[in-house]
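Colleague:
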Amino acid sequence: MFRRGFVEHDALLQAARLYVYDVHAEAEAAAAAGTITDEHRARLRQAATWVQKVAQDIVTWAYNWGGSASIRNPSVLGRCLRDISVGAQHMLVEPMTLVEASTPIIAGYLNKENA
3 MFRRGFVEHD ALLQAARLYV YDVHAEAEAA AAAGTITDEH RARLRQAATW VQKVAQDIVT
63 WAYNWGGSAS IRNPSVLGRC LRDISVGAQH MLVEPMTLVE ASTPIIAGYL NKENA
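First residue of the sequence shown? That's 3 in my numbering, and the numbers climb one at a time after it.
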C-alpha cells in the first residue's frame, strides 16, 4: 500500500509541477507580447492554490505513514506538516482564490467554444 500511495502522490507532484511551469510560461509569453489577460492571471492564482493543496496532501500522506515518529520532536515529518499547514492558511492560496479564478477560466472555455 505504501508503494502505491507513493507513486500516486509522485504523479500528483509531477502533474502540479508541470502545470505551474506551463501556466507561468504562457503568462510570461503573453506579458512579453503585451497581451496578458484576466484568464492568465486567474490561471496563475489557480496554479499557486492547487500546487499548495497538492503539496499539503503529499506531506500529510507522508506524515501519516511516519507513524508515531512523526509526532516526536525533533521530527522532520512533523516540521514539514507544520510548515505546509502554515502555508495552506496563507490568503494567496486559500480555497476562495479558486472561486475567484473560476470566472475568467470558465469565460476562456466559453470563448474558445464560441470561436
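The beta-carbon is built from N, C-alpha and C at its ideal position, and this holds for glycine as well. Just so we're clear, the structure is a prediction, and the values are computed from it rather than from any experiment.
What does the Cβ neighbour count give for Ala13, buried or exposed, with the cut at 16 atoms within 10 Å?
Modeller: Taking the first residue of the sequence shown as 1, we reach residue 13 at position 11. Exposed, because fewer than 16 other Cβ atoms sit within 10 Å of the Cβ of Ala13.
Colleague: If you follow the alpha helix (DSSP H) that Asp39 is part of, which residue opens it and which one closes it?
Modeller: Translated into positions along the sequence shown, residue 39 becomes position 37. Going by the sequence as given, residue 39 is Thr instead of Asp. From DSSP, Thr39 is part of no alpha helix (DSSP H); its letter is neither H nor E.
Colleague: Do you know whose CA, among Asp24, Arg19, Asp85, Leu100, lies nearest Val61's CA?
Modeller: In the sequence shown, residue 61 corresponds to position 59, counting from 1. Closest by alpha carbon: Asp85.
Colleague: So Arg74 is in the alpha helix (DSSP H); what residue range does that whole segment cover?
Modeller: Translated into positions along the sequence shown, residue 74 becomes position 72. Element bounds for Arg74: n/a, residue is neither H nor E.
Colleague: Within the continuous alpha helix (DSSP H) that includes Val88, where are the two ends?
Modeller: In the sequence shown, residue 88 corresponds to position 86, counting from 1. Per DSSP, Val88 belongs to the alpha helix (DSSP H) from 78 to 90.
Colleague: Could you work out which residue in Gly89, Arg6, Thr105, Met98 is closest to Val56 when comparing CA atoms only?
Modeller: What you label residue 56 is simply residue 54 of the sequence shown in a count that begins at 1. Considering only alpha carbons, the answer is Gly89.
Colleague: Pick out whichever of Ala29, Thr37, Val25, Phe4 has its Cα sitting closest to the Cα of Val53.
Modeller: Counted from its first residue, the sequence shown places residue 53 at position 51. Here the closest residue by C-alpha is Val25.
Colleague: Please state whether DSSP places Glu96 in a helix, a strand or coil.
Modeller: Locating residue 96 in the sequence shown gives position 94, counting from the first residue. Coil, per DSSP.
Colleague: Using only the alpha-carbon positions, how far apart do Ala103 and Gly68 sit?
Modeller: Here residue 103 refers to the residue found at position 101 when the sequence shown is read from its first residue. Here residue 68 refers to the residue found at position 66 when the sequence shown is read from its first residue. Answer to the nearest angstrom: the Cα atoms are 35 Å apart.
Colleague: What is the DSSP secondary structure of Gly69, reduced to helix, strand or coil?
Modeller: Within the sequence shown, numbered from 1, the residue matching residue 69 stands at position 67. Of the three classes helix, strand and coil, the one that applies to Gly69 here is helix, per DSSP.
Colleague: By the three-class DSSP mapping on this structure, what secondary structure does Ala117 have?
Modeller: Position 115 of the sequence shown, counted from the first residue, corresponds to residue 117. Residue state, collapsed to three classes: coil.
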